[in-house]
Amino acid sequence: MEHFIDIQNVSYTYQGSGREPLLAVDRVTVTAEKGNHIAILGRNGSGKSTLARLVNALELPSEGAVVIQGLRTDDEDHIWEIRKLCGMVFQNPDNQIVGTTVEEDVAFGPENLGFPQEKIRLSVDQALKFVGLDDVPDRAPHLLSGGQKQKLAIAGILAMRPNCLILDEATSMLDPVSRSEFMALVARLIREEQMTVINITHNMEEVLAADQAYVMDDGRIVISGTPAEIFDKVTLIKSLGLDVPVHTEIAHLVASKLGLELKPLEASSEPDAERAVIRLLDEATAASLERATDEVTGTGMTSTMPIDSREAIISIRDLSCTYSQGTPMAYKALDQVSFDVYKGELLGIIGQSGSGKSTLIQHLNGLLRAQSGRVSVLGLDASANADIRRIRQKVGLLFQYPEHQLFEETVFQDIAFGPRRMGLDPLVIEQNVLSAARIVGLTEEELDRSPFELSGGQKRRAAIAGVLAMNPEILVLDEPAAGLDPAGRDEILGYAARLRSMGVTVILVSHSMEDIARLSDRVLVLADGRVHAIGTAAEIFRDEAHLRQAGLPLPMAGSFLKRLSSHITGLDLACFTSDAAAKALIKARIDRKEVPGHVHVQ
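One point on numbering: in my numbering, the residue at position 455 of the sequence shown is 455, and numbering is uninterrupted.
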């Protein structure tokens, strides 16, 4: 039987000018039938994206063969047919947007494929409806949020009606609800259109929908199997810098803390994990509960921000912003927004794509000036030209793709750019650069290299160091971990937590409810450009109904605990990390002081 995708013993080497050749894909074999859903995991730099580019002939193998529906990618006569069969959505949507309006951009592909006019119209309308952009067909793409741009890139590929959909971190900029809706669409396309899907992702929940999963490391496939088989190897997966689904991790943590064993594949699905946790608590002995007692105290979430130290260093009152004012494309991005940011806190900002998050933070250092309302930063007016320069010396802003902020000849010079613009003494500049480099883990050798020779993770660290070298009092991070593998994500967010402990005020914009719940002292929720809620992380994530009104879900650990609360009495639901959830489950069992072997089921 002929496979739809047949990758046999393929290798690919990048031949860089003036550098050693880089073996990116090393003897990889992957096959997929029509209608299969394949997930590919691995750390940044493991070769995943290169493999994807080999599938639709953007790159040709150095060794081996890639065959798509019987067509070899190294046969020039077949390249365009292969690219019609395989549509690819890249991680950064800006690299795929070409039209002057949303509708025009989505029509670009079908027009170039020679679709008849009526089919173009139908394909564009359906694709925009699929991704939820059918209400903004005339909007200019540059006015969209990062998440909306990602939806636009996805719509542009869907409109071409490919047989195979290649997703290279295509959901990394989507909010949780949009991601869930898109993955439901993917499942529908597989079911109804027999579409073949290759999903390169760092989102472990997405992997669960796949038929087969491959884990890459250093260009090679090191594990393959069903998602359940892959994630059952928790220790191995984590050693590769990856995560496992939250429900699987909680079940394994409960077992570990109680000194018990999980059965093979026992916690692969959410319902299975719930049953596994109940079994573990039911079988816990007095000795295992006593052993776990010291570890599980104090599992709930509390703000680490002392009440008496709250000094407002950012004050926003009645801030509104309308893009394209006075034109037919005008729309209100912010509407009467008011809140304060306190000195030394980490404030998380969440909201659906297009809710106004990026627009809001660009007012904090004067990139956008207040059209109406007031923005005060460190007692300075963020709309006054006289104050903007002083504000920018105190407020560091890192954009969604911080590596795009690099431009100098060496990493050292790039990090030093900001301090030089501030007019600092050369000796102070050098001290600041070296200090910032140490914080983010850049070596002296890397400081002498061109920033464009660095890996993706190194570029991101260099961009962060460039902001830190100016010693900002306030650091604003806009989706700093987007597209990073779990280990890279934890590294970047670890810098934010470390800086907060050093007294820097941190504002973190993220689509990850888990990261916000874990790190934030307080959380600001935006919905349709307005303040929907603001409070401690525990306050925000306790109120699921109010959160869902803003189109946001609970953190996954919180959802898992909520489902278990119908079976286990006395469960603290204000726990939103896997470790806190595991501790809460065991603590609820200990607090009941029941005879071991009898979990109370309501």
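Every residue gets a Cβ at the ideal spot worked out from N, C-alpha and C, and that includes glycine.
Which of helix, strand or coil DSSP assigns to residue i
i, result
"Met513", "helix"
"Gly466", "helix"
"Ile97", "coil"
"Leu443", "Going by the sequence as given, residue 443 is Thr instead of Leu. Note: Thr443 maps to coil in three-state DSSP."
"Phe130", "helix"
"Val254", "helix"
"His404", "helix"
"Asn432", "helix"
"Glu63", "strand"
"Arg310", "coil"
"Ala267", "coil"
"Gly42", "strand"
"Leu152", "helix"
"His3", "coil"
"Ser180", "helix"
"Leu143", "helix"
"Leu260", "coil"
"Ser123", "helix"
"Leu158", "helix"
"Gln15", "coil"
"Leu185", "helix"
"Ser450", "coil"
"Val136", "coil"
"Gly457", "helix"
Burial state of residue i (16 or more Cβ within 10 Å)
i, result
"Asn92", "buried"
"Ile307", "Annotation note: pLDDT 47 at Ile307 (below 50); position unreliable, coordinate value reported separately. It counts as exposed."
"Thr285", "exposed"
"Pro61", "buried"
"Thr327", "exposed"
"Arg438", "exposed"
"Asp448", "exposed"
"Gln15", "exposed"
"Asn36", "buried"
"Phe182", "buried"
"Glu270", "buried"
"Thr29", "exposed"
"Thr235", "exposed"
"Asp591", "exposed"
"Leu508", "buried"
"His252", "buried"
"Val197", "buried"
"Glu59", "buried"
"Thr302", "Any reading at Thr302 needs caution, since the residue's pLDDT is 47, under 50, leaving its predicted position unreliable; the model's value is listed next. With fewer than 16 Cβ atoms within 10 Å of its Cβ, Thr302 is classed as exposed."
"Arg460", "buried"
"His202", "buried"
"Gln212", "buried"
Beta bridge counterpart(s) of residue i as assigned by DSSP
i, result
"Leu346", "Val506"
"Met88", "Ile166"
"Asn56", "According to DSSP, Asn56 bridges with nothing at all."
"Ser172", "BP columns for Ser172 are empty, so no partner."
"Val10", "Val28"
"Cys321", "Leu334"
"Arg72", "Val67"
"His37", "Val197"
"Leu22", "Tyr14"
"Ile316", "Phe339, Val375"
Range of the contiguous alpha helix (DSSP H) that encloses residue i
i, result
"Asp282", "270-283"
"Val411", "411-421"
"Gly396", "Looking at the DSSP string, Gly396 is not in any alpha helix (DSSP H); the run it does join, the beta strand (DSSP E), is 395-398."
"Gly494", "486-501"
"Val106", "102-112"
"Lys583", "578-592"
"Leu289", "286-293"
Residue i, enclosing beta strand (DSSP E) - first and last residue
i, result
"Asn199", "196-200"
"Leu477", "474-478"
Proximity test, residue i beta-carbon vs the ligand MN heavy atom, cut-off 7 Å
i, result
"Arg191", "By its list of ligands, the structure shown contains no ligand whatsoever, and the ligand MN lies outside what it can speak to."
Beta carbon proximity, residue i to chain D, threshold 8 Å
i, result
"Asn56", "Looking for chain D here will not work: only one protein chain is present."
Alpha helix (DSSP H) runs wholly inside the region 515-573, at least 4 long, in chain order:
537-542, 544-549, 556-564
Segments of 3+ residues assigned as beta strand (DSSP E) that fall wholly inside the region 206-239:
212-217, 220-225
Enumerate, from N- to C-terminal direction, the unbroken alpha helix (DSSP H) stretches of 4 or more residues contained entirely within the region 334-384.
357-361
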